[in-house]
Structures are given as structure tokens and as C-alpha cells.
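A.B. asks:
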Amino acid sequence: MPSKIMFGFERGGELVAELMPDIAPKTVESLLQMLPLEATVYHSRWSGREINFPLKSRGKIPREKQTTQTNTGDVIYWKEWEMPDSEAAEAIAIYYGAEISRDHRGQLPVNVFARIPASQWKKIEEIGLRIWQQGIEKVAVSVIES
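Per the numbering used here, residue 131 is the first one in the sequence shown, and the count goes up by one each step.
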């Protein structure tokens, strides 16, 4: 199984995340099946220092060791858990600061399935602030073969 994925941003910058199959095995497996993919990445002020992009999974991704407390470098899978799978919104998000995952309804539990190492945190912040201040851009997500 691959151990890393890469996010390449339209206006520059790449981030490499280390997958965590020991924490979220079904999330990792499901998301790897969707790669490569391209999406539009947004900034989410509800959850603070977070960038995210919507996706539609090919299967049911379960709740796995969920948290509402995210840290810099966390890569998470979020879904509207209370909705039927066919109607539920889903997203992948990257945090560039410690935050509580939430929206207008309150705290949102998420699956943390990958982490971007501290050596890239400055780059995450640059990309996050750019998307917040300059608006949406494309992101390409791919597997890094070991």
C-alpha cells in the first residue's frame, strides 16, 4: 500500500502527506481508490485555518477514531454523517493551525487519515493564506509510489 500522497496547487506549491492506515485504515483505502483526482480547493473560515475540497467517495467510508480537535498538518475526511450516504456532502481538508472542526451547526467529528510533517508547515500556511486572501484554486491529488 502506498504510504504518501501529494497535493499540487494551481498557483504553486506542493505538500506531501504521510498516510496513517493504522489510525484510519478504511478511510485510507477508500481515498486511495479515488486517486488521482483534481478538485477546486476552498478556504473554510468556519473551522479556522483550514482549506478543503469536496469529493464524492465510491463507497461508504465509516467513522474511524474521530476527533473534533485538529492540529497543524492534519489531513482529514469529513462527511455529513447524519445524512443518507447518497445525499451526504463529503470533503478532504488540510489544517494549517490547531483548530476545532466545526460549522454553523457546531462541532464536526472528522477522520484524520494523513499528516503533513512539520518541515512543510510554513508552506501549508502560505498556501492556506493565499487561498483565503486570493480565492479558490485547483488542486491535484496523487499517490506517491514508494
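We put the beta carbon where it would ideally sit given N, CA and C, even for glycine.
Return the Cβ separation of residue 151 and residue 131 in integer angstroms, given the expectation that the two are a contact with Cβ distance under 8 Å.
C.D. replies: For this step, residue 151 is matched to residue 21 along the sequence shown. For this step, residue 131 is matched to residue 1 along the sequence shown. Yes, residue 151 and residue 131 are in contact; Cβ-Cβ is about 6 Å, under 8 Å.
A.B. asks: Would you mind reading off the limits of the alpha helix (DSSP H) that contains residue 252?
C.D. replies: What you label residue 252 is simply residue 122 of the sequence shown in a count that begins at 1. Here the alpha helix (DSSP H) through residue 252 covers 251-264.
A.B. asks: Is it true that the CB of residue 246 sits closer than 9 Å to the CB of residue 224?
C.D. replies: Within the sequence shown, the letter at position 94 stands for residue 224. Within the sequence shown, the letter at position 116 stands for residue 246. Yes, Cβ-Cβ distance for residue 224 and residue 246 is below 9 Å.
A.B. asks: Are residue 168 and residue 270 close, meaning C-beta to C-beta below 9 Å?
C.D. replies: Indexing the sequence shown from 1 puts residue 168 at position 38. Indexing the sequence shown from 1 puts residue 270 at position 140. Yes, these two residues count as a Cβ contact at 9 Å.
A.B. asks: Please determine if the stretch 221-238 and the stretch 201-211 are in contact, where contact requires at least 3 C-beta pairs separated by less than 8 Å.
C.D. replies: Cβ pair count under 8 Å is three or more, so yes.
A.B. asks: What would DSSP say about residue 184, mapped onto helix, strand or coil?
C.D. replies: In the sequence shown, residue 184 corresponds to position 54, counting from 1. In this structure, residue 184 counts as strand in the three-state DSSP scheme.
A.B. asks: Which residues in the same chain as residue 148 place their Cβ atom closer than 8 Å to its Cβ, once the five residues preceding and following it in sequence are excluded?
C.D. replies: Residue mapping note: residue 148 aligns to position 18 of the sequence shown, counting from 1. Excluding positions up to five away in sequence, the list reads 133, 134, 244, 245, 246 and 247.
A.B. asks: Taking the C-alpha atoms as reference points, what is the distance between residue 227 and residue 216?
C.D. replies: Numbered from 1 along the sequence shown, position 97 holds the residue referred to as residue 227. Numbered from 1 along the sequence shown, position 86 holds the residue referred to as residue 216. About 32 Å.
A.B. asks: Between which residues of its own chain and residue 268 is the CB-CB distance below 8 Å, once the five residues before and five after are set aside?
C.D. replies: For this step, residue 268 is matched to residue 138 along the sequence shown. Result list for residue 268: 139, 140, 168, 169, 170 and 171, in chain order.
A.B. asks: Around the Cβ of residue 182, are there at least 16 other Cβ atoms within 10 angstroms (buried) or fewer (exposed)?
C.D. replies: Taking the first residue of the sequence shown as 1, we reach residue 182 at position 52. So residue 182 ends up on the buried side.
A.B. asks: Which one or two residues does DSSP pair with residue 272 in a beta bridge?
C.D. replies: Taking the first residue of the sequence shown as 1, we reach residue 272 at position 142. Note: residue 272 sits in a beta bridge opposite 136.
A.B. asks: I'd like the span of the alpha helix (DSSP H) that includes residue 161, first residue to last.
C.D. replies: Walking along the sequence shown from the start, residue 161 turns up at place 31. 155-162 is the span of the alpha helix (DSSP H), which, as asked, contains residue 161.
A.B. asks: Following the continuous beta strand (DSSP E) through residue 198, name the residue where it begins and the one where it ends.
C.D. replies: To locate residue 198, count along the sequence shown from 1; it is residue 68. Where residue 198 is concerned, there is no enclosing beta strand (DSSP E), given that its DSSP letter is neither H nor E.
A.B. asks: Check residue 147 in the structure and name its three-state DSSP category.
C.D. replies: As a first step, residue 147 is located in the sequence shown; it is residue number 17 there, counting from the start. Reduced to three states, the DSSP call for residue 147 is strand.
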